[in-house]
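Report on the following structure.
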Amino acid sequence: MSSLERMPTGIPGLDEMIGGGLPVPSLTLVAGDAGAGKTTFCTQFLCKGADLGEPGLYFLTFGGPLDSLFKFVSTYDFVKRKYLGKEICYIELEDKVERAGRAEDVLDAIQEEIEKFGAKRIVIENLSDLKQVFKGNYRRFLLKLSHLVKAQKAVALVTGDALPRAPYPAEIAHVADGIILLQNEEINLVRRRSIEILKMCGTSHHLGKYAVDISVKGLTVYPGL
Ligand SMILES: Nc1ncnc2c1ncn2[C@@H]1O[C@H](COP(=O)(O)OP(=O)(O)OP(=O)(O)O)[C@@H](O)[C@H]1O
Ligand SMILES: [Mg+2]
54 MSSLERMPTG IPGLDEMIGG GLPVPSLTLV AGDAGAGKTT FCTQFLCKGA DLGEPGLYFL
114 TFGGPLDSLF KFVSTYDFVK RKYLGKEICY IELEDKVERA GRAEDVLDAI QEEIEKFGAK
174 RIVIENLSDL KQVFKGNYRR FLLKLSHLVK AQKAVALVTG DALPRAPYPA EIAHVADGII
234 LLQNEEINLV RRRSIEILKM CGTSHHLGKY AVDISVKGLT VYPGL
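Quick note on numbering: the working numbering labels position 98 of the sequence shown as 151, and the sequence is numbered without any gaps.
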């Protein structure tokens, strides 16, 4: 039996639930409602990489500007300004998507940035927003994106919002090696944050929901709760 190489997530409590970290290479969907913690999760992942000297790229499809996003995440104590433009680079895809418009051009642009930067950790936020842009080409685009990540031997996190009748976007779930669901549900008039590993290829993982807290340290998972 061979074991997979693992990449630590930077989220206290999570790696021990998934066999030591995310499989290398892989693409994982981090899904959840607004405010469930997706951006925080992805930022911890990139900052952990920066701590370890692994370059990381943060792509944003829509929803900029990036400087206001960075202002929000810099309130976390694990986000260090010195990482910006060095270990971690933020890239807006909106212009590229609107100018190129073709899925292939956007994939080429992503690949070029990954190769230029030597990125081993990749985040693509609001990936599901590209569905309306690429329409009939969207599934092919996702499949090719997954292949691209594997070819680069990288680990990617992509985020998608929960939909009215589905906890995660099905098209991304279809190509993803892992699915992590973050929730902030109201239970008996109290909001409770939780994390659930719905799928993680090549990994024997915990099942069910586990308690999560978000503080200035970012997300902390409590595997026993
Ligand atoms: N510096 C901080 N200290 C403690 N908690 C914080 C801090 N910054 C944000 N939070 C908490 O984290 C929540 C936001 O999490 P985050 O932005 O990661 O969610 P999200 O899933 O990306 O939301 P969206 O779908 O709107 O992009 C806030 O609503 C707040 O409760
Ligand atoms: Mg967010």
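Backbone N, C-alpha and C define an ideal beta-carbon position, used for all residues, glycine too.
Once you ignore the five residues that flank residue i on each side, which residues in its own chain have a CB closer than 7 angstroms to its CB?
{"i": "Asn190", "result": "Ala156"}
{"i": "Ala215", "result": "Ala84, Gly85, Asp86, Tyr221"}
{"i": "Thr256", "result": "Ile71, Gly72, Pro76"}
{"i": "Val159", "result": "Leu146, Lys149, Val150, Ala153"}
Just to confirm, is the Cβ distance from residue i to residue j under 9 angstroms?
{"i": "Leu234", "j": "Tyr221", "result": "yes"}
{"i": "Thr96", "j": "Val132", "result": "yes"}
{"i": "Leu75", "j": "Ile167", "result": "no"}
{"i": "Gly117", "j": "Val265", "result": "no"}
{"i": "Ala207", "j": "Ile175", "result": "yes"}
{"i": "Leu82", "j": "Ala204", "result": "no"}
{"i": "Pro61", "j": "Asp68", "result": "yes"}
{"i": "Pro112", "j": "Ile64", "result": "The amino acid occupying residue 112 in the given sequence is Phe; Pro does not appear at that position. No, these two residues do not count as a Cβ contact at 9 angstroms."}
{"i": "Pro108", "j": "Gly171", "result": "yes"}
For residue i, name the three-state secondary structure that DSSP assigns.
{"i": "Tyr275", "result": "strand"}
{"i": "Phe112", "result": "strand"}
{"i": "Glu224", "result": "helix"}
{"i": "Val132", "result": "coil"}
{"i": "Ser127", "result": "coil"}
{"i": "Asp86", "result": "coil"}
{"i": "Lys270", "result": "coil"}
{"i": "Ala162", "result": "helix"}
{"i": "Glu140", "result": "coil"}
Taking the beta carbon of residue i as the centre, do at least 16 other beta carbons fall within 10 Å, making it buried, or is it exposed?
{"i": "Tyr275", "result": "exposed"}
{"i": "Cys100", "result": "buried"}
{"i": "Thr212", "result": "buried"}
{"i": "Asn241", "result": "exposed"}
{"i": "Glu239", "result": "exposed"}
{"i": "Lys173", "result": "buried"}
{"i": "Val243", "result": "exposed"}
{"i": "Phe125", "result": "exposed"}
{"i": "Glu178", "result": "buried"}
Rounding to the nearest angstrom, what Cα-Cα distance links residue i and residue j in this structure?
{"i": "Leu260", "j": "Arg152", "result": "43 angstroms"}
{"i": "Ala84", "j": "Ile232", "result": "7 angstroms"}
{"i": "Tyr263", "j": "Leu272", "result": "12 angstroms"}
{"i": "Leu146", "j": "Thr114", "result": "5 angstroms"}
{"i": "Lys149", "j": "Lys270", "result": "33 angstroms"}
{"i": "Arg192", "j": "Leu180", "result": "12 angstroms"}
{"i": "Asp182", "j": "Arg245", "result": "27 angstroms"}
{"i": "Lys169", "j": "Asn237", "result": "37 angstroms"}
{"i": "Asp161", "j": "Ile144", "result": "14 angstroms"}
{"i": "Ser268", "j": "Leu122", "result": "17 angstroms"}
{"i": "Gly277", "j": "Lys188", "result": "42 angstroms"}
{"i": "Leu119", "j": "Gly88", "result": "18 angstroms"}
{"i": "Met253", "j": "Ser56", "result": "14 angstroms"}
{"i": "Tyr129", "j": "Gly138", "result": "18 angstroms"}
Give me, in chain order, the residues of the same chain whose beta-carbon lies closer than 8 angstroms to that of residue i; leave out the 5 immediate sequence neighbours on both sides.
{"i": "His258", "result": "Met70, Ile71, Gly72, Ile250"}
{"i": "Lys184", "result": "Tyr191, Pro222, Glu224"}
{"i": "Gly106", "result": "Glu140"}
{"i": "Phe194", "result": "Ala156, Val159, Leu160, Leu183, Phe187"}
Report all residues from its chain with a CB closer than 6 angstroms to the CB of residue i; omit the five preceding and five following residues, and keep chain order.
{"i": "Tyr80", "result": "In the sequence as presented, Tyr is not what sits at residue 80; that position holds Leu. Cβ within range, chain order: Ser199, Val202, Ala209, Ala229, Asp230."}
{"i": "Ala103", "result": "Tyr136, Glu140, Ile141"}
{"i": "Glu58", "result": "Val77"}
State yes or no: is the C-beta of residue i nearer than 8 angstroms to some heavy atom of ligand 4?
{"i": "Glu178", "result": "Absence of ligand 4 is noted for the structure shown, with ligand 1 and ligand 2 being the only ligands found."}
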